[in-house]
Amino acid sequence: MYLIGLTGGIASGKSTVAKRLASWGAIGIDADQLARQVVEPGTPGLAAIVAEFGDTILLNDGTLNRPALGAIIFTDARQRERLNAITHPAVRRLTRDRVAAAVAADPHVIVVYDVPLLAEAIAGGLVTFDLIVVVHADAETRIERMVALRGLSREEATHRIAAQASDADRLALADVVIDNNGTVEATLSQVDALWTRVRAAEAGAAEAGVGEAGAGEAGAGGAGAGEAGAGGAGAAEAGAGEAGAGEETDDAPTPESTCRG
Numbered sequence: 003m004y005l006i007g008l009t010g011g012i013a014s015g016k017s018t019v020a021k022r023l024a025s026w027g028a029i030g031i032d033a034d035q036l037a038r039q040v041v042e043p044g045t046p047g048l049a050a051i052v053a054e055f056g057d058t059i060l061l062n063d064g065t066l067n068r069p070a071l072g073a074i075i076f077t078d079a080r081q082r083e084r085l086n087a088i089t090h091p092a093v094r095r096l097t098r099d100r101v102a103a104a105v106a107a108d109p110h111v112i113v114v115y116d117v118p119l120l121a122e123a124i125a126g127g128l129v130t131f132d133l134i135v136v137v138h139a140d141a142e143t144r145i146e147r148m149v150a151l152r153g154l155s156r157e158e159a160t161h162r163i164a165a166q167a168s169d170a171d172r173l174a175l176a177d178v179v180i181d182n183n184g185t186v187e188a189t190l191s192q193v194d195a196l197w198t199r200v201r202a203a204e205a206g207a208a209e210a211g212v213g214e215a216g217a218g219e220a221g222a223g224g225a226g227a228g229e230a231g232a233g234g235a236g237a238a239e240a241g242a243g244e245a246g247a248g249e250e251t252d253d254a255p256t257p258e259s260t261c262r263g
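Have a look at this one:
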């Protein structure tokens, strides 16, 4: 598996990049989408949120009143932390399931994990990726997009930007930066070049793995006991790999996902 961490500030254009990579064959996992799933009616997540914030954050049909919850958590960091403590563990479990299914279907799969708060997750020592891709657009462009496309006021848009990591923090983590201040065509051209790079890297890693396995088999051609020991070590390595896959998919979805339909 080749794991790409895809991040960027709110309204930076991550979805455009993720969709393009998916069109090339990558398997996408969207932390925001999972965060919405874990607060659907009847879920333990929604019940916990109601217990924490009160039933005023519910609509008459029992679904989450996302604007009402957003008004609470986007102006108060402590309230955001309370929400994250509820949603993040549930999203982690779903993420691990999705990654495990993708790897079971294709051990050489390229997975794109779209997670807005990747900078925060890495700062906590939770995540390891093969490549970190940051989609960047300046703050004013993002504010204009939120006002035009999401119906937010400038003040609301500014609060949501302030609730996330700074551009400088995200860019400091980047292996690749996709500049999304220009045209869609210019952005997609950058994504296509990225895909070529990733495919080459994944193919090289796969070939290296085959070569190492072949060398190991040749070296194990001695005593039967040695072969048995090598087999046991291989099983242990495989188990460690599975555990690592779970650790690498630890996430930090943004509260924006919970508070937006």
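Counting in our numbering, the sequence shown runs from 3 upward without gaps. Built from N, CA and C at the ideal position, the CB exists for glycine as well. These numbers come from a predicted model, not from an experiment.
Every alpha helix (DSSP H) stretch that sits fully inside the region 6 to 53 and reaches 4 residues is listed by chain position as 16 to 26 and 33 to 39. Contact between the region 191 to 201 and the region 153 to 160 is absent: fewer than 3 CB-CB pairs across the two stretches fall below 8 Å.
By the 16-neighbour rule on beta-carbons within 10 angstroms, V186 is exposed. Shown here for L173: same chain residues with a beta carbon closer than 7 Å to its own, the five before and five after excluded, namely V136, H138 and V179 in chain order. For the set A176, T143, A203 and G206, the Cα lying nearest the Cα of N182 is the one of T143.
A33 and V93 do touch by the CB rule: their CB atoms are close to 6 Å apart, below 8 Å. Annotated three-state conformation of H110 is coil, per DSSP.
Nearest to L71 by alpha-carbon distance, out of P91, V117, N62 and V52, is V52. Counting only the Cα atoms, T9 lies some 6 Å from L120. Distances from the CA of Y115 to each of L61, Q35, A165 and A203 were compared; the closest alpha carbon is that of Q35. Contact annotation: I12 and I163 have beta-carbon atoms nearer than 8 Å.
With contacts defined as CB atoms closer than 8 Å, T97 and G47 fail to qualify as a contacting pair. If you look at L71, you'll find it in the alpha helix (DSSP H) that goes R68 to I75.
From the listed residues F76, G27 and A28, the smallest Cα separation to E158 is found for F76. In chain order, A70 place their CB closer than 7 Å to the CB of T58, counting only its own chain and leaving out the 5 sequence neighbours on each side. Note on geometry: alpha-carbon atoms of R147 and E209 lie some 43 Å from one another.
Counting along the chain, the unbroken beta strand (DSSP E) around L133 starts and ends at L133 to H138. When secondary structure is reduced to three states using DSSP, V179 falls in the strand class. Counting other Cβ atoms within 10 Å of its Cβ, A188 stays below 16 and is therefore classed as exposed. Cα atoms of R84 and A141: separation of roughly 27 Å, rounded to the nearest angstrom.
Contact check for G30 against V117 fails: the beta carbons are separated by 8 Å or more.
For M148, the enclosing alpha helix (DSSP H) stretches over residues A141 to R152. For D63, the secondary structure class from DSSP, reduced to helix, strand or coil, is coil. By alpha-carbon distance to M3, the top candidate from A104, A165 and D99 is A104. Looking at A20, L66, D99 and I74, the one whose alpha-carbon comes closest to that of E42 is L66.
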